[in-house]
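Count the sequence shown with this note's numbering and you get residues 318 to 508, in order. Heads up, the beta-carbon is just placed ideally off N, CA and C, and yes, glycines get one too.
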Amino acid sequence: AARHLADWLVTKGVRAIVSAEPGGTRLGEEIRRLVLHARSISDDLDPRADALLFAAGRAQHVARKIRPALDAGEWVVCARYLDSSLAYQGGGYGLDLDTLRTLQGFATDGLKPDLTILLDVPVDIGLRRKRKDRWNRFENTESAAFFERVRQTYLQLAAEEPDRFRILDGSGTVDQTDAAIREQVAPLLDR
């Protein structure tokens with residue numbers, strides 16, 4: 318969805334980049350490999366260490382990719398950002414949300430999105446859609462109850478910041494989802 322949105326923005330004359338977390342920089346990609354795909358490490362990862370690794374990747378991502386793009390007048394379309402840590406490490410693993418908010422504020426230097434699109438998908442549908450071709454710590458080891466806590470935390474975050482969040486039904490087709498996202502982003506083109 319992020320790539321499709323960035324491509325659409327370019328057709329509207331907007332300079333846009335697309336990125337994702339964890340990742341976005343060389344350090345971020347290494348952290349992604351460690352926390353998601355390196356079984357020998359990620360199988361025994363303490364939730365606090367997990368939160369700190371994601372925050373380190375995010376700090377580098379903001380400093381080296383997101384902030385420079387924004388300073389150059391580009392739009393940044395990012396698949397996952399600070400709310401993901403609140404949902405996964407807070408909701409999923411039960412870490413204190415206020416502590417995580419402080420950590421994320423430090424990692425992002427206070428940079429929040431103008432708009433966050435939350436693609437809400439029932440857990441059973443999300444689990445059926447998971448990638449089968451690559452092992453992922455979350456998708457391959459966590460329970461449906463974990464993902465329901467994550468989902469509920471995302472919905473709670475959206476309720477706390479209704480001006481920033483748009484909750485969309487993510488259970489439709491790719492084309493339906495892309496159209497719904499474009500509908501939410503289009504008003505920002507006039508700013």
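Reduced DSSP category for residue 413 - H, G, I as helix; E, B as strand; rest coil: In the sequence shown, residue 413 corresponds to position 96, counting from 1. Residue state, collapsed to three classes: coil.
Reduced DSSP secondary structure (H/G/I, E/B, other) of residue 437: Translated into the one-based positions of the sequence shown, residue 437 becomes position 120. In the structure shown, residue 437 sits in a strand (DSSP, three-state: E or B).
Residue 334 versus residue 392 - alpha carbon distance: The residue labelled residue 334 in the question sits at position 17 within the sequence shown. The residue labelled residue 392 in the question sits at position 75 within the sequence shown. Each residue's alpha carbon lies about 6 angstroms from the other.
Contacts around residue 321, its chain only, beta-carbon distance under 7 angstroms, and the 5 residues preceding and following it disregarded: Taking the sequence shown and counting its residues from 1, one reaches residue 321 at position 4. Cβ within range, chain order: 495.
DSSP three-state assignment for residue 502, whether helix, strand or coil: Taking the sequence shown and counting its residues from 1, one reaches residue 502 at position 185. Looking at residue 502 - three-state DSSP - the assignment turns out to be helix.
Reduced DSSP secondary structure (H/G/I, E/B, other) of residue 372: By one-based count along the sequence shown, residue 372 stands at place 55. Helix at residue 372.
Three-state secondary structure assigned by DSSP to residue 331: Locating residue 331 in the sequence shown gives position 14, where the first residue counts as 1. Three-state DSSP puts residue 331 in coil, outside helix and strand.
Contact under 8 angstroms by Cβ, residue 488 with residue 438: Working through the sequence shown from its first residue, we reach residue 488 at position 171. Working through the sequence shown from its first residue, we reach residue 438 at position 121. Against a cut-off of 8 angstroms, the Cβ pair of residue 438 and residue 488 comes out as a contact.
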